[in-house]
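Worksheet: one structure, shown below.
Chains as they are written, first to last, in our numbering: chain A, 10 to 146; chain B, -16 to 435.
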């Protein structure tokens, strides 16, 4: 599975729409994972969504994201965890341990809402509810 | 700078008073300490960002504001570093509902009574209504791919659909770079021929014999190396529009041939003994005054009247300087897309320089200047240093005009100042250090008027 995190330095980039850097974490179903850095080129929602699809991304964890951008990415079958903040390693660990919904990982304005800021945890096609949270299957 | 962990510690009653004042302001206001953590957050800020005060206080400002500049070009950081305030910078934020909002932000340092640095203050205003309005106005000033708010151009926008549907030959006159081909393309797109080809030929670029074979084509064996038939532009434009640029440069012999083609609606390819009928609309353009060429005997009168069924005269850029900011914005948007950059605009100083230049190369020259600035500009705004030196060295902008009287000197001086400020009179008055009513009075007395 390919998980992408939009980053700025060692943290999740605050705004995905203007983020330029992506870390892609690839896992083979075991404890092994491989991280690669990618530069995002497109700014337009449709082109950015296509760029993610081309990279084979299945799940995106990002900071604040505009609605058109999120819709475009979801329309490519990519699950989006928006309005997330924190250090990359902490966020990754929280995702792996199904703790990403903790308030500490939500940007202000999104805490206390069950799904963060209009966060609809869309499922990856073909997966059962909750399966997306299991990092090591 | 004081201790790193200095926090703004407001006292009780003052805080209440401050709180009431801050909440009564329509603009969003927040303050940060030196660690970028929010120390106060007013009601308008809550409404704009969708983040409640309780949630915002103590948070990093970037996490609350969620602006596209936070990570790389933070205004508060720039103000804290330089000590200089930033005024009305346009940025985009994403509110808690996922809406992308354009806001205008201003920043300043925050000091206590003793001048000790406490942090910084940021005020911001939702400008989405202004932005929508600006887009609406821009669409009003756009026609096909032509952008203008000049009254002559707006009149042209009104008549172009009628000209297009008419099907007659059109003559477009205008200096080089004024957008003659753009108008020709607009006429084509508005006409019933829009699904057929639009073919452009630069008559001035080709010698006579080559132009003839280009326009009418040739048959195999018409001349050495003519091994097979070649269709001419008239054939390629069948059912569509043929744009003949620089028609004033064609030779007398070619003028005769073209006249016959336009009159009889037939042409003969080189080496052919048969005439071919054509159904092509011809739009001719020239950067010369054809009437003058006719008077000098360099252009056939009969051909002139044949192509001059409807004449469109395009004003040079120096006579439609009110379009310059619109055109600059248009080209910045265009080059942002083409070069994948995110330049937001142009500084007031750079714009003044553009406004003072005479633009002999017209809009094409302006496009080149902006493209050049894009190569040099690494910031979000085009500055004066990104513009070519030739703009500053333009004699029309630098050399004093020969004046005959004190009145002339005053008129030239005021005109220059008005041009620099894009005819913004209050701004000009401020620049000159005079009251605006004095300036209005002098403009009237000297008979100065804005160029059309």
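We treat Cβ as the ideally placed atom computed from N, Cα and C, and that holds for glycine.
- Distance check between residue 105 (chain A) and each of A:23, A:75 and A:70 places A:70 closest, using alpha-carbon atoms only.
- For residue 44 (chain A), the enclosing beta strand (DSSP E) starts and ends at 42 to 48.
- Using a Cβ-Cβ cut-off of 9 Å, residue 22 (chain A) counts as an interface residue toward chain B, since at least one Cβ of chain B sits closer than that to its own.
- Fewer than three pairs of CB atoms, one per stretch, sit closer than 8 Å, so the stretch 255 to 271 of chain B makes no contact with the stretch 105 to 124 of chain B.
- DSSP places residue 12 (chain A) in no alpha helix (DSSP H) but in the uninterrupted beta strand (DSSP E) bounded by 11 to 17.
- Counting only runs of at least 3 residues, the stretch 26 to 82 of chain B fully encloses the following beta strand (DSSP E) elements, listed from N- to C-terminal order: 69 to 77.
- Boundaries of the alpha helix (DSSP H) around residue 80 (chain A): 76 to 83.
- Per DSSP, residue 23 (chain B) is one residue of the beta strand (DSSP E) stretching across 21 to 24.
- Judged by beta-carbon spacing, residue 71 (chain B) lies within the 9 Å limit of residue 89 (chain B), meaning their Cβ atoms are closer than that value.
- With a threshold of 9 Å between beta carbons, residue 65 (chain A) makes no contact with chain B.
- The beta-bridge partner set that DSSP reports for residue 31 (chain A) consists of A:15 and A:47.
- Within the stretch 110 to 190 of chain B, the complete beta strand (DSSP E) segments at least 3 residues long are 153 to 156 and 181 to 185, listed from N- to C-terminus.
- Around residue 32 (chain B), the beta-carbon contacts reaching into chain A at under 9 Å are 117 and 118.
- Contact with chain A is absent for residue 259 (chain B), since none of that chain's Cβ atoms lies less than 9 Å from the residue's Cβ.
- If you check each beta-carbon in the stretch 65 to 82 of chain A against every beta-carbon of chain B, the ones closer than 9 Å belong to 72, 73, 74, 75, 76, 77, 78 and 79.
- Between residue 14 (chain A) and residue 97 (chain A), the C-beta spacing is below 9 Å.
- Here the alpha carbons of residue 91 (chain B) and residue 395 (chain B) stand approximately 39 Å from one another.
- Secondary structure note for residue 100 (chain A): its alpha helix (DSSP H) is the uninterrupted segment 97 to 105.
- By the Cβ-count criterion, residue 39 (chain B) is buried, with 16 or more other Cβ atoms from all chains shown falling within 10 Å of its own Cβ.
- Judged by DSSP secondary structure, residue 267 (chain B) falls within the beta strand (DSSP E) whose first and last residues are 264 to 269.
- DSSP places residue 294 (chain B) in the uninterrupted beta strand (DSSP E) bounded by 293 to 296.
- For the stretch 73 to 99 of chain B, the set of residues with a beta-carbon nearer than 9 Å to any beta-carbon of chain A comprises 75, 76, 77, 78, 79, 80, 81, 82 and 83, in chain order.
- Relative to the Cα of residue 400 (chain B), the nearest Cα in the group B:234, B:64, B:170 and B:426 belongs to B:426.
- Chain B has no Cβ within less than 9 Å of the Cβ of residue 57 (chain A).
- Scanning chain B for C-beta atoms nearer than 9 Å to the C-beta of residue 26 (chain A) yields 51, 75, 77 and 83, reported in chain order.
- For residue 313 (chain B), there is no enclosing beta strand (DSSP E); the residue is part of the alpha helix (DSSP H) that begins and ends at 307 to 322.
- Around the CB of residue 150 (chain B), fewer than 16 other CB atoms lie within 10 Å, so the residue is classed as exposed.
- Here the alpha carbon of residue 80 (chain B) sits roughly 28 Å from the alpha carbon of residue 61 (chain B).
- Of the residues B:318, B:366 and B:330, the one whose Cα lies closest to the Cα of residue 351 (chain B) is B:318.
- Scanning its chain for C-beta atoms nearer than 8 Å, with the 5 sequence neighbours on each side dropped, one finds around residue 408 (chain B) the residues 401, 419, 422, 423 and 426, in chain order.
- Comparing C-alpha distances from residue 10 (chain B) to each of B:324, B:130 and B:30 shows the shortest one belongs to B:30.
- For residue 73 (chain A), the pairing in a beta bridge is given by DSSP as A:24.
- Taking C-beta atoms under 8 Å as the contact rule, residue 21 (chain B) and residue 12 (chain B) fail to qualify, at a distance of about 11 Å.
- Residue pairing by DSSP places residue 107 (chain B) opposite B:11 and B:88 in a beta bridge.
- Close to chain A, meaning a Cβ-Cβ distance shorter than 8 Å, are the following residues of the stretch 308 to 336 of chain B: 323 and 325.
- The three-state reading of DSSP puts residue 208 (chain B) in coil, since its state is none of H, G, I, E or B.
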